[in-house]
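The opening position of the sequence shown corresponds to residue 11 in the numbering used here, with each subsequent residue numbered one higher.
See structure below.
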Amino acid sequence: LKQLPDWVKANMTLLISGNELAEYADIIQKENLNVYFVPEDWLLADKDQWMFTQEEYRFVIRIEDDLTFFVRDPETHKLSKADVSHVSDMFRECLEELLEEKYPLIGISSRGGNNFQEKDFVIGTRMHHIWFVDTDVYKKLKINLVPFKEFVMDDFHVILSYLRNGYPNKVY
């Protein structure tokens, strides 16, 4: 969370169970984060299902809490640690595309293999750690993640549901 810009932190809610509170207490207080307590038996798929089906928000950004962000040098393709301004720019660009309804599912890639990617983005691929989601499309597709929670393959199910129904995803 250290690399996230203040405007992202101010608008985020951390989903944790009561038994995780001690682990997150310092960062919650330091960053003044909103917290929503979920049942202790909830896994990531349960949290995602809850987030993506809330009526209150049309657009949701799902971020895993243990990420380090990198930027790729356009010449060498080598990665270096991103500063807060880089992360802010990445989030703004993804949000703009989501709001313009260009892509209903947008991701920022993890480090693994990204330094071998010469293009700035890929259409129609797996995304892991950060999802920008148009929840209207999610709900329209009636995606249910709960059956996948034990197999940790819920990300495949979401992405394939979008792709099979003609909704491309974009991953930076």
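All C-beta atoms, glycine included, are put in the ideal place defined by N, C-alpha and C.
- The C-alpha of proline 15 is placed about 7 Å away from the C-alpha of serine 95.
- Assignment of lysine 112 by DSSP, reduced to helix, strand and coil, places it in the coil class.
- For tyrosine 46, the pairing in a beta bridge is given by DSSP as Leu25.
- In this structure, DSSP gives arginine 82 an extended state, which the three-state scheme calls strand.
- Annotation: aspartate 93 is outside any beta strand (DSSP E) and is labelled neither H nor E by DSSP.
- Taking C-beta atoms as the reference points, glutamate 106 and tyrosine 113 fail to come closer than 8 Å.
- The beta carbon of lysine 91 sits closer than 7 Å to the beta carbons of Thr78, Phe80 from its chain, once the five residues preceding and following it are set aside; these are given in chain order.
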